[in-house]
Amino acid sequence: MQQAIPEKLGIIAGSGAYPRLLATGAKKQGVAQVVAVAFRGETDAKIEK
21 MQQAIPEKLG IIAGSGAYPR LLATGAKKQG VAQVVAVAFR GETDAKIEK
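This is the structure:
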């Protein structure tokens, strides 16, 4: 049995690489839309991509 891939994913993104890695991995797995709430000055700006 395969698990369904969600259409959207919301992330509360703190500091470090994990929020960006989660967003990148989700997109690679087929999540259509990834939305992140980020903390100015804390979250890696690369998460925007």
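Residue numbers (the numbering used here): 21 to 69. Heads up, the beta-carbon is just placed ideally off N, CA and C, and yes, glycines get one too. Note that the coordinates shown come from a computational prediction; the quantities given were computed from them, not determined experimentally.
As assigned by DSSP and simplified to three states, the class of residue i
{"i": "Ile67", "result": "helix"}
{"i": "Ala58", "result": "strand"}
Residue from the options whose Cα sits closest to the Cα of residue i
{"i": "Gln23", "options": "Gly36, Ala56, Glu62, Gln49", "result": "Gln49"}
{"i": "Glu68", "options": "Ala56, Glu62, Gly61", "result": "Ala56"}
{"i": "Leu29", "options": "Gly61, Glu62, Thr44", "result": "Thr44"}
Residues bridged to residue i (per DSSP)
{"i": "Lys28", "result": "Gln53"}
{"i": "Ala33", "result": "Ala58"}
Rounded separation between residue i and residue j - CA only
{"i": "Asp64", "j": "Leu41", "result": "11 Å"}
{"i": "Lys66", "j": "Met21", "result": "34 Å"}
{"i": "Phe59", "j": "Ile32", "result": "9 Å"}
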